[in-house]
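Numbering (UniProt numbering), first residue to last: 1 to 327.
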């Protein structure tokens, strides 16, 4: 047995001068720490083009908790991701340096403080022109992330994939919850009200006023039934027309998928999209000017066979591929 330093070095795939994932032909996928897609940590490389940032926070949920464990579950499920994405003909880890930036430690007992902490942490990346893919965490985190990108780009277009509108006013008098981030974003002027859309919404509401308020804020709605009846290509064309060349933020609540495709979430609704439909919509939008993205509401305690975490890991991978394709 040797004790040389070389014997402890982790073999990585390096393409285009970038430090990529651990080479799974030499190190089994089940070995070693579960960074996203087995990528290097930000601490290991110091500077990156794209950072995968975990936000283990679920103090804003209104029903089933557990999304604080989402980032670790998504990372674990991402072990099987590979370095070439044939669907969009890009090798994202070769085109851009990508790293796992770890988790932001947020106060689980104080939502306002947690929002401020995340806004500050994500703002450092935004000011440094580092693109983020955030893995949550509940949907409360979208508000500070939108603030960060808007501080650089001004009001941004928003595509919101979700079973729910998330434009309600308050819950139990609380203004900051996972059901209110996009109402607050409109009120704060950090989103472009000419380019807002929900995709995949469905299920009962509190009343017709929910839709009236949402329309007043400027949102267009493409329900899960619209995706089914009109088809992916038509929905993609409509979203492209709505967004144009504006800076775009995309936020995905995993409950946009049907519970058959994503059981591990806090507020499931029947009649949702398939993972295939969602992936194809993202791929159809890949030429748009993506400046920020998140995947939230993965609650692994309610998952089965990592179905939800696997879906979320692939969605995050598509965001990275999207950035890479536009590099």
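Yeah, the Cβ is synthetic: ideal placement off N, Cα and C, and Gly gets one too.
Local conformation of residue i per DSSP, three classes
| i | result |
| --- | --- |
| residue 325 | helix |
| residue 11 | coil |
| residue 193 | strand |
| residue 308 | helix |
| residue 171 | strand |
| residue 208 | helix |
| residue 198 | strand |
| residue 85 | strand |
| residue 124 | helix |
| residue 5 | Confidence is the limiting factor: at residue 5 the pLDDT is only 46, short of 50, which leaves the residue's position unreliable, though a coordinate-based value still follows. Three-state DSSP puts residue 5 in a helix. |
| residue 52 | strand |
| residue 149 | helix |
| residue 64 | coil |
| residue 256 | helix |
| residue 22 | strand |
| residue 106 | coil |
| residue 27 | coil |
| residue 315 | helix |
| residue 136 | strand |
| residue 119 | helix |
Boundaries (first-last residue) of the alpha helix (DSSP H) holding residue i
| i | result |
| --- | --- |
| residue 274 | Per DSSP, residue 274 belongs to no alpha helix (DSSP H) and is neither H nor E. |
| residue 291 | From DSSP, residue 291 is part of no alpha helix (DSSP H) but of the beta strand (DSSP E) over 290 to 296. |
| residue 90 | Neither: residue 90 is in no alpha helix (DSSP H) and is coded neither H nor E. |
| residue 45 | 42 to 45 |
| residue 184 | 181 to 188 |
Whole-angstrom C-beta distance between residue j and residue i, which should lie under 8 Å
| i | j | result |
| --- | --- | --- |
| residue 85 | residue 321 | 5 Å |
| residue 316 | residue 74 | 7 Å |
| residue 224 | residue 158 | About 18 Å separates the two Cβ atoms, so there is no contact after all. |
| residue 156 | residue 98 | Residue 156 to residue 98, Cβ: 22 Å. No contact. |
| residue 66 | residue 301 | 4 Å |
| residue 205 | residue 240 | About 28 Å separates the two Cβ atoms, so there is no contact after all. |
| residue 23 | residue 33 | Actually they do not touch by this definition, with Cβ atoms about 15 Å apart. |
| residue 308 | residue 262 | 4 Å |
| residue 69 | residue 15 | That belief does not hold up - the Cβ atoms of residue 69 and residue 15 are roughly 32 Å apart, past 8 Å. |
| residue 96 | residue 327 | 5 Å |
| residue 91 | residue 126 | Not confirmed; about 26 Å, so no contact. |
| residue 117 | residue 133 | With 8 Å as the limit, residue 117 and residue 133 do not qualify as a contact, their Cβ atoms being about 19 Å apart. |
Residue i: first and last residue of the uninterrupted beta strand (DSSP E) it sits in
| i | result |
| --- | --- |
| residue 362 | Nothing in the structure corresponds to residue 362, since the chain is present only between 1 and 327. |
| residue 161 | 156 to 161 |
| residue 253 | 248 to 253 |
| residue 219 | 219 to 223 |
| residue 99 | 98 to 103 |
| residue 70 | Premise fails: residue 70 lies in the alpha helix (DSSP H), 70 to 77, not in any beta strand (DSSP E). |
From the options, residue whose alpha carbon lies closest to that of residue i
| i | options | result |
| --- | --- | --- |
| residue 196 | 182, 202, 188 | 182 |
| residue 142 | 208, 259, 30, 191 | 191 |
| residue 185 | 295, 168, 52 | 168 |
| residue 260 | 266, 271, 253 | 271 |
| residue 311 | 100, 131, 255, 266 | 255 |
| residue 325 | 25, 30, 87, 24 | 87 |
| residue 319 | 45, 131, 25, 302 | 131 |
| residue 135 | 27, 189, 52 | 52 |
| residue 231 | 278, 303, 214, 220 | 278 |
| residue 242 | 273, 216, 288, 227 | 288 |
| residue 214 | 229, 228, 226, 198 | 198 |
| residue 258 | 303, 235, 47, 93 | 303 |
| residue 281 | 160, 47, 291, 137 | 160 |
| residue 100 | 115, 78, 89, 114 | 78 |
| residue 29 | 18, 76, 43 | 76 |
| residue 147 | 296, 297, 292 | 292 |
| residue 296 | 140, 113, 17, 105 | 140 |
| residue 265 | 229, 306, 219 | 306 |
| residue 47 | 71, 18, 176 | 18 |
Proximity test, residue i beta-carbon vs the ligand FAD heavy atom, cut-off 7 Å
| i | result |
| --- | --- |
| residue 230 | The ligand FAD is not among the ligands present in this structure, which contains no ligands whatsoever. |
Minimum Cβ-Cβ distance from residue i to chain B less than 8 Å
| i | result |
| --- | --- |
| residue 181 | Although the question refers to chain B, the structure presented lacks it and comprises just one protein chain. |
Legend entry - Three CB pairs or more closer than 8 Å across the segment 58 to 71 and the segment 97 to 115: yes
Legend entry - Cβ contact (3+ pairs, closer than 8 Å) linking the segment 111 to 127 and the segment 28 to 43: no
Legend entry - Any 3 or more C-beta pairs closer than 8 Å across the segment 162 to 180 and the segment 203 to 223: yes
Inset, instruction - Inspect the CB distances between the segment 233 to 250 and the segment 169 to 181 and report whether three or more fall short of 8 Å. - result: no
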